[in-house]
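Student:
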DNA sequence: AGTGACAAAATTGTCAACAATTTTCGGAAC
DNA sequence: GTTCCGAAAATTGTTGACAATTTTGTCACT
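Protein chains in written order, with this note's numbering: chain A, 12 to 235; chain B, 12 to 235.
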C-alpha cells in the first residue's frame with residue numbers, strides 16, 4: 012500500500028477529511044485508527060486527530076474505548092434496518108413538507124433528476140443512478156426545510172452509506188426503486204402532501220424489505 | 012455567586028458534568044463558556060474541557076465559533092417546534108414497537124407510572140408530574156427497543172428540555188396532557204399497535220400546538 | 001508444546017507552556 | 001462627545017513532552 016502524506020492540498024479540517032475517508036471506504040470497518048498514524052497521514056497534529064476522533068465517535072462513525080483507541084464502527088444489518096426505519100419516518104416528514112413548500116424552479120430540478128434517473132437505469136449506469144438517488148433524497152430534505160430532521164438524516168446517512176451502496180448494487184434493484192422514485196417526485200411536484208408521504212413510506216419500506224430478506228455475501232472481516 | 016471548585020466528589024468525566032450542568036440550567040442560554048473558567052470549576056485540565064466542548068457542540072448543546080470560544084446554544088421556539096415534529100414521528104415509532112414487545116412486568120410498571128401521574132396532577136404536584144412525564148417517555152423508548160431512534164430522541168431531549176419544562180409549567184397544561192398519557196399507556200399495555208401510534212401522535216401534536224400558540228414571556232437574555 | 005511472568009514496545013491520556021487571535025481599554029484627533 | 005488607532009489583556013489554538021495503560025514479545029518452567 013501507499014504510504015505518502017496523502018490527502019489533497021486544500022487545508023480541509025481533519026474531521027471532514029477523516030469523515031470523508033471513512034464514508035468513502037478508505038478505512039475498512041473495524042479497522043484500527045491509530046492517532047499517530049492518522050496524524051502522519053493527514054499531516055495534522057495529534058491533538059487535532061484526537062478531536063476529530065471524538066467528534067466522529069459522537070456521530071457514530073467511530074468507536075472509541077478507554078485506553079484502547081478508536082476503530083471504524085461497523086454497522087450490522089440489524090442496525091442498518093433500524094436506521095432505515097428512522098429514515099422512513101423522518102424522510103416521510105420531509106417529503107410532506109417538501110410537497111407543501113416546493114417552488115417552480117425546484118419542481119424543474121426534481122423533474123430533471125427524475126429524467127436523469129430514468130436514463131441511468133435504461134443505460135445500466137448503476138453508480139450514476141446511486142448518486143442520483145442520494146441527490147434526490149438530499150434535495151427533498153433541503154426543500155422540506157426541516158433542518159432538525161435533515162441534520163439527523165445526514166448523520167444517519169453517513170453511517171449507513173455502505174449498506175445503501177451494496178443494496179443499490181443488487182441486480183434488479185434499480186428496476187424496483189425507479190418507479191417508486193418517480194412516483195415520489197410526481198407527488199411532491201404536484202403538491203400532493205399525503206401522497207408524497209405515502210410514496211416515501213412505500214419506497215423506504217421496500218428498502219427495509221430488501222435489507223432484511225438479504226442474501227448478503229459474508230462481510231469477510233480479516234482482523235490481523 | 013459562589014466561586015468554589017464546585018461539582019460533586021465523584022470523579023465524573025467533564026463532559027457528563029458539563030452536560031448535566033447545562034441541561035439543569037446552571038448555565039443560561041448564550042452564556043459564554045470560557046475554557047479556563049470551566050477548567051477551574053470542574054477542576055479538570057483545559058484539554059479535557061476543550062474535548063468536552065467539542066463533544067457537546069456536536070450534540071447541539073453548545074455553539075462554538077473559531078477563535079471566539081463556546082457558548083450555551085439557545086433554542087428558539089421555532090426550533091423547539093422542529094424538534095417536537097421529529098419527536099412526534101420517532102416517539103410514535105417507539106410507541107408502536109413498545110406495544111408489540113411489552114411484557115407483563117413492564118405493563119405493571121407503565122400502569123404504575125400512570126397511577127402516579129394521576130395522583131401528581133390531583134395533588135397539584137407539577138414538577139413531580141413533569142418528572143413522571145419524562146420517565147414515561149423514556150421507558151416507552153426503552154421498551155420499544157429501537158436503539159437508533161432512542162439515541163436520537165435522547166439527544167433532542169437534552170436540547171429542548173428547557174422548552175419542555177416551561178410548557179409543563181403552564182397553568183392547565185397537566186389537565187390536557189394527563190388523559191393523553193393515560194390513553195397512551197392503555198394502548199401500549201393492550202398491545203394495540205395502531206392506537207399506541209395514534210395516541211402518541213395526538214399527544215405530541217398537542218405539544219406542538221401549545222408551543223406554537225404560545226404567549227411565552229420574553230426570554231430576557233442579558234448580554235453584558 | 002503449553003503456560004505464566006516479566007520486560008519492551010506501542011499507544012493513548014494528560015499536562016503545561018507557547019503562539020495566534022480576538023476583545024478591551026485608554027487616549028489622541030477631530 | 002465621537003471616532004479611530006494602538007497597546008494591553010483575555011482567550012483560544014497548537015505543539016511537544018511526559019505519564020499511564022495496554023499490547024506484544026521473550027524466556028524460563030512444567
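Ideal Cβ placement from N, Cα and C applies to all residues, glycine included. All values derive from a computational prediction rather than experimental measurement.
So, with DSSP's three-state summary, where would you put residue 229 of chain B?
Tutor: Within the second chain, numbered from 1, the residue matching residue 229 of chain B stands at position 218. In this prediction, residue 229 of chain B scores a pLDDT of 46, lower than 50, which makes its location untrustworthy; no coordinate-derived value is stated.
Student: Under 9 Å, do residue 178 of chain A and residue 218 of chain A count as touching if we go by C-beta distance?
Tutor: For the purposes of this step, residue 178 of chain A is taken as the residue at position 167 of the first chain. For the purposes of this step, residue 218 of chain A is taken as the residue at position 207 of the first chain. Yes, these two residues count as a Cβ contact at 9 Å.
Student: What are the residues of the stretch 28–53 of chain B that lie near chain A, defined by any Cβ-Cβ distance shorter than 7 Å?
Tutor: none
Student: Please name the residue or residues paired with residue 212 of chain B in a DSSP beta bridge.
Tutor: Looking up residue 212 of chain B in the second chain gives position 201. None, per the DSSP bridge assignment.
Student: Counting only beta-carbon atoms, is residue 78 of chain B nearer than 9 Å to chain A?
Tutor: Locating residue 78 of chain B in the second chain gives position 67, where the first residue counts as 1. Not an interface residue.
Student: Name the chain B residues that come within less than 8 Å of residue 175 of chain A, Cβ to Cβ?
Tutor: For the purposes of this step, residue 175 of chain A is taken as residue 164 along the first chain, with counting starting at 1. Under the 8 Å cutoff, chain B gives no residues; its nearest Cβ is about 15 Å from residue 175 of chain A.
Student: May I ask which residues mark the beginning and end of the alpha helix (DSSP H) holding residue 25 of chain B?
Tutor: Within the second chain, the letter at position 14 stands for residue 25 of chain B. Taken as a continuous stretch (DSSP letters only), the alpha helix (DSSP H) holding residue 25 of chain B covers 25–35.
Student: Would a check of beta-carbon distances place residue 191 of chain A closer than 9 Å to chain B?
Tutor: Position 180 of the first chain, counted from the first residue, corresponds to residue 191 of chain A. Put simply, the CB of residue 191 of chain A is far from chain B, with every gap to its CB atoms at 9 Å or more.
Student: Assuming residue 73 of chain A is part of the beta strand (DSSP E), what are its boundary residues?
Tutor: Along the first chain, one-based indexing puts residue 73 of chain A at 62. From DSSP, the beta strand (DSSP E) with residue 73 of chain A extends over 73–76.
Student: Take every Cβ of the stretch 72–85 of chain B, pair it with every Cβ of the stretch 21–40 of chain B, and state whether three or more of those distances are shorter than 8 Å.
Tutor: yes
Student: From the DSSP output, in three-state form, read off residue 82 of chain B for me.
Tutor: Along the second chain, one-based indexing puts residue 82 of chain B at 71. The answer is strand: DSSP assigns residue 82 of chain B an E or B state.
Student: According to a CB-to-CB cut-off of less than 7 Å, which residues of the stretch 140–170 of chain B neighbour chain A?
Tutor: 157, 158, 159, 160, 163
Student: Can residue 112 of chain B and residue 156 of chain B be called in contact, C-beta distance under 9 Å?
Tutor: Position 101 of the second chain, counting from 1, holds the residue named residue 112 of chain B. Position 145 of the second chain, counting from 1, holds the residue named residue 156 of chain B. Yes, the pair counts as a contact, with Cβ atoms nearer than the cut-off.
Student: Using a C-beta cutoff of 9 Å, does residue 58 of chain B count as contacting chain A?
Tutor: Here the question's residue 58 of chain B lines up with position 47 in the second chain. At least one chain A Cβ lies under 9 Å of residue 58 of chain B.
Student: Between residue 13 of chain B and the rest of its own chain, which residues show a CB-CB distance below 6 Å, the 5 nearest in sequence each way excluded?
Tutor: By one-based count along the second chain, residue 13 of chain B stands at place 2. Annotation note: pLDDT 37 at residue 13 of chain B (below 50); position unreliable, coordinate value reported separately. None.
Student: Chain A beta carbons: is any one of them nearer than 9 Å to that of residue 110 of chain B?
Tutor: Taking the first residue of the second chain as 1, we reach residue 110 of chain B at position 99. It does not: the Cβ of residue 110 of chain B has no partner Cβ on chain A nearer than 9 Å.
Student: At the level of alpha carbons, what is the spacing between residue 144 of chain B and residue 128 of chain B?
Tutor: The residue given as residue 144 of chain B occupies position 133 in the second chain. The residue given as residue 128 of chain B occupies position 117 in the second chain. Taking the straight line from one Cα to the other gives about 8 Å.
Student: Scan the stretch 80–96 of chain B for residues whose Cβ lies nearer than 8 Å to a Cβ of chain A and list them as they occur along the chain.
Tutor: 90, 93, 94, 96
Student: Buried or exposed: residue 103 of chain A, going by 16 or more other Cβ atoms within 10 Å of its Cβ?
Tutor: Working through the first chain from its first residue, we reach residue 103 of chain A at position 92. Classification of residue 103 of chain A: buried, given that the 10 Å Cβ count is 16 or more.
Student: For the alpha helix (DSSP H) containing residue 197 of chain A, list its first residue and its last residue.
Tutor: As a first step, residue 197 of chain A must be located in the first chain, where it is residue number 186. Boundaries of the alpha helix (DSSP H) around residue 197 of chain A: 184–200.
Student: Can a CB atom of chain A be found closer than 9 Å to the CB of residue 216 of chain B?
Tutor: Translated into the one-based positions of the second chain, residue 216 of chain B becomes position 205. At a cut-off of 9 Å, the C-beta of residue 216 of chain B has no neighbouring C-beta in chain A.
Student: Just to make sure I have the definition right: I need the residues of chain B whose C-beta is within less than 9 Å of the C-beta of residue 70 of chain A. Which are they?
Tutor: Walking along the first chain from the start, residue 70 of chain A turns up at place 59. Listed along the chain, the chain B residues whose CB falls inside 9 Å of the CB of residue 70 of chain A are 69.
Student: Leaving aside the five residues before and after residue 97 of chain B along the sequence, list all residues of the same chain whose C-beta is less than 7 Å from its C-beta, in chain order.
Tutor: Position 86 of the second chain holds residue 97 of chain B. Cβ within range, chain order: 167.
Student: With 9 Å as the threshold, decide whether the Cβ of residue 224 of chain B is near any Cβ in chain A.
Tutor: Within the second chain, residue 224 of chain B is the residue found at index 213, counting from 1. Not closer than 9 Å to any Cβ of chain A, the Cβ of residue 224 of chain B fails to qualify, so no.
Student: Roughly how many angstroms lie between the CA atoms of residue 233 of chain B and residue 46 of chain A, to the nearest whole one?
Tutor: Taking the first residue of the second chain as 1, we reach residue 233 of chain B at position 222. Taking the first residue of the first chain as 1, we reach residue 46 of chain A at position 35. With a pLDDT of 37 at residue 233 of chain B, under the threshold of 50, the modelled position of this residue cannot be trusted, and the question is left open.
Student: If distances are taken between C-alpha atoms only, which option among B:57, B:196, B:222 comes closest to residue 118 of chain B?
Tutor: As a working mapping, residue 118 of chain B is identified with position 107 in the second chain. Taking residue 118 of chain B as reference, the option from B:57, B:196, B:222 with the minimal CA-CA separation is B:196.
Student: Is the separation between the beta-carbon of residue 53 of chain B and that of residue 91 of chain B shorter than 9 Å?
Tutor: The sequence position of residue 53 of chain B within the second chain is 42, counting from 1. The sequence position of residue 91 of chain B within the second chain is 80, counting from 1. Against a cut-off of 9 Å, the Cβ pair of residue 91 of chain B and residue 53 of chain B comes out as no contact.
Student: Would you check if the distance between the CB atom of residue 207 of chain A and the CB atom of residue 198 of chain A is smaller than 9 Å?
Tutor: Taking the first residue of the first chain as position 1, residue 207 of chain A is located at position 196. Taking the first residue of the first chain as position 1, residue 198 of chain A is located at position 187. Yes; because the gap between Cβ atoms is below 9 Å, this pair is in contact.
Student: Quick one: which unbroken alpha helix (DSSP H) runs of 4-plus residues sit fully inside the stretch 81–150 of chain B? Chain order, please.
Tutor: 88–112, 115–133
Student: Cα separation between residue 4 of chain B and residue 65 of chain A?
Tutor: Chain B is shown only over 12 to 235; residue 4 of chain B falls outside these bounds and no answer can be derived.
Student: What residues of chain B sit near residue 206 of chain A, judged by a beta carbon separation below 7 Å?
Tutor: One-based indexing of the first chain puts residue 206 of chain A at position 195. The contacting residues do not exist; residue 206 of chain A stays about 18 Å from chain B at best.
Student: How big is the Cα-Cα spacing for residue 158 of chain B and residue 101 of chain A?
Tutor: Here residue 158 of chain B is taken as the residue at index 147 of the second chain, counted from 1. Here residue 101 of chain A is taken as the residue at index 90 of the first chain, counted from 1. Cα-Cα distance, rounded: 16 Å.
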